[in-house]
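Numbering (my numbering), first residue to last: 3 to 286.
Report on the structure given below.
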Amino acid sequence: MAASDTGPTQDTAPDVALRLIVASCRADLAKYRAVTLKSRRPIGIHQTRVALRRLRAAFTVFRPAVGGPKVRSLSAEAKWLAGECAPARDLHVFLTESVEDVPPPVKRIAARLAATHLQRARAALSGARFAAFERDLASFAADKPAVAGGRLDEFGRRVLDGRHAKVLRRGRGLAELDEERLHRLRIAIKKLRYAATYLAPAFAPKDAKPYIEATVRLQGALGALNDRATARRMLADLATAARPTEDVAGALKVLARQAASGAKRRRRKLERTWKEFRKAGRFW
């Protein structure tokens, strides 16, 4: 059940390791929630979502060892909060990374949408539901498990074997995968990446680094393809938010072509990162 001052070790019980991770995520959530509530800086909403995503991933990784209604409830609330923050972050990414030279009329519509999305996120992060979630999260992180047992390295091998195998299955025939199957592969590699990150302290972190980096690159390549689906949703939102006096149909079509461009380049990058991932040695 031991854990070092900085985090779990190989003989840390999975239940204890999860609580250490939850405490770290909670600290990050508090930090960036404060930024989101006080300013419009994009880093606030982005890192708030990251903290919530890390929380959900941790609960999923450790679910085989640490289940129960409290974990399910905390995971569900983190998912809800992430969903409330998502529109603000997605719109910002679309405007700054998916397209360029956004026309002034579209920028004005986007500014109105951004204000609405930020208000929605702030309401979720400052309401009674969040306060209850934060209390439950603090209680979970502080509680000592009733019966803590097992070792993190033994638990980690089982989890990583399963998730690695699932990614390989999802990636079969990569060149022929359609958008839906690529999405499923992206989810699988994201889950593997978080599992590898959380469980690496139970092994040799230096050995884990190349493998984790390979999962990060592969997830990024898959995310670039998924950005096209997000872009379609953002364009639809902008079209719906346009006032009758704002004729932006032509401008949105131009932006749609920008967002959809580079498909072959993205596919090539995906194939390259897939090969790199297949070559990366397991560290567990």
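For every residue, glycine included, the Cβ atom is placed at its ideal position computed from N, Cα and C.
From residue i to residue j, what distance separates their C-alpha atoms?
i, j, result
"lysine 281", "aspartate 103", "39 Å"
"threonine 11", "threonine 38", "34 Å"
"leucine 139", "proline 246", "46 Å"
"lysine 193", "arginine 183", "15 Å"
"arginine 137", "isoleucine 47", "21 Å"
"leucine 2", "isoleucine 189", "This structure leaves residue 2 out entirely; the chain is present only between 3 and 286."
"aspartate 155", "leucine 127", "36 Å"
"proline 212", "valine 101", "32 Å"
"proline 147", "valine 18", "7 Å"
"valine 169", "proline 106", "43 Å"
"arginine 230", "arginine 186", "15 Å"
"proline 66", "arginine 160", "10 Å"
"tryptophan 276", "histidine 119", "35 Å"
"arginine 270", "arginine 235", "25 Å"
"glycine 152", "arginine 259", "53 Å"
"glutamine 221", "glycine 70", "30 Å"
"leucine 162", "glutamate 181", "26 Å"
"tyrosine 196", "glycine 264", "28 Å"
"phenylalanine 96", "arginine 43", "16 Å"
"alanine 241", "alanine 204", "50 Å"
"valine 24", "lysine 40", "24 Å"
"arginine 35", "alanine 78", "18 Å"
"alanine 113", "histidine 94", "10 Å"
"glutamate 99", "arginine 267", "16 Å"
"valine 63", "alanine 134", "24 Å"
"aspartate 7", "alanine 233", "Residue placement at aspartate 7 is flagged as unreliable, the pLDDT there being 47, under the threshold of 50; the coordinate-derived value follows with that caveat. Going by the C-alpha atoms only, they are around 43 Å apart."
With a cut-off of 8 Å on the beta carbons, I'd call residue i and residue j a contact; round off their distance for me.
i, j, result
"phenylalanine 285", "alanine 206", "7 Å"
"phenylalanine 142", "arginine 21", "7 Å"
"alanine 125", "alanine 90", "Actually they do not touch by this definition, with Cβ atoms about 12 Å apart."
"leucine 237", "leucine 257", "6 Å"
"valine 250", "valine 108", "5 Å"
"valine 68", "proline 16", "6 Å"
"leucine 83", "phenylalanine 61", "Actually they are not in contact, since the Cβ atoms of leucine 83 and phenylalanine 61 sit about 13 Å apart, beyond 8 Å."
"alanine 261", "isoleucine 111", "The pair is not a contact, with the Cβ atoms about 16 Å apart (cut-off 8 Å)."
"glutamate 273", "alanine 177", "7 Å"
"alanine 202", "alanine 210", "4 Å"
Could you give the DSSP three-state label for residue i: helix, strand or coil?
i, result
"serine 6", "Because the pLDDT of serine 6 is 47, which lies under 50, any placement of that residue in the model is unreliable, and the number read from its coordinates should be weighed accordingly. In the structure shown, serine 6 sits in coil (DSSP, three-state: anything other than H, G, I, E or B)."
"arginine 21", "helix"
"arginine 284", "coil"
"aspartate 155", "helix"
"valine 161", "helix"
"alanine 243", "helix"
"glutamine 12", "coil"
"glutamate 248", "coil"
"proline 147", "coil"
"serine 141", "helix"
"serine 26", "helix"
"arginine 171", "helix"
"arginine 269", "helix"
"arginine 131", "helix"
"glycine 264", "coil"
"arginine 35", "helix"
"arginine 259", "helix"
Using a Cβ-Cβ distance under 9 Å, would residue i count as near chain D?
i, result
"leucine 22", "Looking at the structure shown, chain D is missing, and only one protein chain is on hand."
Restricting to runs no shorter than 4 residues, where is the alpha helix (DSSP H) found entirely within the segment 49-129? Every alpha helix (DSSP H) of 4 residues or more that sits fully in the segment 49-129 is shown, in chain order, as 71-95, 106-128.
In chain order, which continuous runs of the alpha helix (DSSP H) of length 4 or greater are located wholly inside the segment 180-240? Counting whole runs of 4 or more residues, the segment 180-240 contains the alpha helix (DSSP H) stretches 181-201.
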